[in-house]
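Colleague: I have a structure I would like to understand better, so I am pasting it below and will then ask my questions one at a time.
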Amino acid sequence: MTGKIPLAGVIGSPIAHSRLPQIHRHWLKTYGLAGAYIPMDVSSADLREVLTVLPKAGFVGVNITIPHKEAVLEMADVVTDRATLIGAVNTLIFRNDGTIHADNTDGYGFLENLKSGAPDWMPSAGPATVLGAGGAARAVVVSLLDAGVPEVLLTNRTRIRAEKLADDFGNRVTVVDWVHAANILEESALIVNTTSLGMIGKQEMRVPLDGLRSGTVVTDLVYTPLRTNLLVAAEHAGCVTVDGLGMLLHQAVPGFERWFGTRPTVDSATRAAALR
Ligand code: NAP
3 MTGKIPLAGV IGSPIAHSRL PQIHRHWLKT YGLAGAYIPM DVSSADLREV
53 LTVLPKAGFV GVNITIPHKE AVLEMADVVT DRATLIGAVN TLIFRNDGTI
103 HADNTDGYGF LENLKSGAPD WMPSAGPATV LGAGGAARAV VVSLLDAGVP
153 EVLLTNRTRI RAEKLADDFG NRVTVVDWVH AANILEESAL IVNTTSLGMI
203 GKQEMRVPLD GLRSGTVVTD LVYTPLRTNL LVAAEHAGCV TVDGLGMLLH
253 QAVPGFERWF GTRPTVDSAT RAAALR
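For the sequence shown, position 273 matches number 275 in the working numbering, and the numbering has no gaps at all.
Here it is in structure tokens:
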């Protein structure tokens with residue numbers, strides 16, 4: 003074999019659950035590209051040193067996942083505006099000049115998934131309700147505001163976290179108390195669950211869902227299970243539903259393109275690879 007094989011991977015802790023290796027390896031195989039994608043369990047104490055060493059070992063970049071998404075902001079040389087705004091990083095590019103470029107593609111992945119799963123949804127259709135105000139919610143809110151949603155109704159169990167997020171993103175974000183979350187569903191054109199509620203091993207969504215109305219677009223970031231109780235209830239109410247797996251697939255596209263030089267397509271084979 004001649005020449006360097008580009009290496010990429012995902013850094014987190016724990017990392018065994020990550021589906022990113024299946025996704026990237028599927029694309030490498032599909033497009034017949036030389037390259038490898040490796041999951042790496044790295045502690046917070048070792049993170050900086052690992053990021054220094056990887057480019058020297060042939061790595062062209064990595065994905066970053068929990069618990070390092072915020073810490074990496076300080077370790078990169080160049081941070082995109084959207085990663086700065088979101089306050090977290092999920093994709094690093096190791097440049098030839100030795101610098102580290104950091105981006106956050108979660109919001110991009112969220113919006114692409116929404117567009118492909120609910121092609122008739124228009125940002126201008128009305129307010130979007132966002133349940134949750136954690137790291138994922140920040141990426142979702144940024145992308146919805148960017149897309150032109152007139153108002154984001156943000157509700158979170160811990161109100162102060164929602165207020166902080168609203169302060170960061172201006173007057174198109176309105177905080178609604180968690181106990182009143184059920185009341186805003188009816189007026190929403192889009193409902194997004196960004197909490198971990200409904201995920202296997204976590205509590206179920208307890209927000210009463212009687213207010214769901216036919217035609218509303220409902221999407222859940224949780225993808226284990228694929229059909230969460232929220233999505234099942236939304237389907238019964240005649241809503242358009244979009245599951246969370248596509249967000250994971252779409253957010254992986256920009257990194258793969260930068261590292262391996264081919265823009266991959268998200269299709270049913272990619273979904274199947276992620277679910278294997
Ligand atoms: P995070 O920063 O830890 O935030 C967790 C959110 O869930 C917070 O809003 C938290 O509310 C809320 N929550 C947790 N337990 C709750 C409960 N018992 N009752 C009410 N609210 C509760 O996590 P994250 O990174 O934002 O991720 C959130 C979810 O999105 C996870 O399930 C993750 O797997 C999923 N996700 C999916 C994708 C994808 O590609 N599909 C991407 C990113 C994340 P408090 O503030 O009150 O604690």
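Even glycine gets a Cβ: it sits at the ideal position worked out from N, Cα and C.
1) For the alpha helix (DSSP H) that V234 lies in, which residues bound it at each end?
2) Report yes if the C-beta of I68 is less than 8 Å from at least one heavy atom of the ligand NAP; otherwise report no.
3) To which residues of the same chain is G137 closer than 6 Å at the C-beta, ignoring the five residues directly before and after it?
4) Can you say whether P69 is buried or exposed, counting buried as having 16 or more other CB atoms within 10 angstroms of its CB?
5) Should N231 be counted as a contact of the ligand NAP given a C-beta to heavy atom distance under 8 Å?
6) Would you kindly work out how many angstroms separate the C-alpha atoms of A38 and V52, rounded to a whole number?
7) Quick check on the DSSP output: the alpha helix (DSSP H) that includes V142 runs from which residue to which?
8) Can you determine whether any heavy atom of the ligand NAP sits closer than 8 Å to the C-beta of G150, and answer yes or no?
9) If I measure Cβ to Cβ from T196 and keep anything under 7 Å in the same chain, skipping five residues before and after, which residues do I get?
10) Nearest to H238 by alpha carbon, out of D212, W180, E259?
11) How big is the Cα-Cα spacing for V80 and T101?
Modeller: Quick look at the numbers:
1) One-based indexing of the sequence shown puts residue 234 at position 232. From DSSP, the alpha helix (DSSP H) with V234 extends over 231-238.
2) Mapped onto the sequence shown, residue 68 falls at position 66. True, at least one ligand heavy atom lies under 8 Å from that Cβ.
3) Here residue 137 refers to the residue found at position 135 when the sequence shown is read from its first residue. Excluding residues up to 5 positions away in sequence, A90 lie with their Cβ nearer than 6 Å to the Cβ of G137 in the same chain.
4) Indexing the sequence shown from 1 puts residue 69 at position 67. If you draw a 10 Å sphere on the C-beta of P69, you find fewer than 16 other C-beta atoms in it, and that means exposed.
5) Numbered from 1 along the sequence shown, position 229 holds the residue referred to as residue 231. For the ligand NAP, not one heavy atom lies less than 8 Å from the Cβ of N231.
6) Within the sequence shown, residue 38 is the residue found at index 36, counting from 1. Within the sequence shown, residue 52 is the residue found at index 50, counting from 1. So the alpha carbons of these two residues sit roughly 18 Å apart.
7) For the purposes of this step, residue 142 is identified with residue 140 of the sequence shown, where counting begins at 1. Membership of V142 in the alpha helix (DSSP H) is indicated by the continuous run 137-149.
8) For this step, residue 150 is matched to residue 148 along the sequence shown. Outside the cutoff, so no.
9) Here residue 196 corresponds to residue number 194 of the sequence shown, with the count starting at 1. For T196, the CB contacts under 7 Å within the same chain, skipping 5 residues up- and downstream, are V132, L133, G134, G136, A138, A139, V142, L223 in chain order.
10) On the sequence shown, residue 238 is found 236 positions in, with the first residue counted as 1. The shortest C-alpha to C-alpha distance from H238 to any of D212, W180, E259 is the one to D212.
11) Indexing the sequence shown from 1 puts residue 80 at position 78. Indexing the sequence shown from 1 puts residue 101 at position 99. Using only the alpha carbons, I get a separation of about 8 Å.
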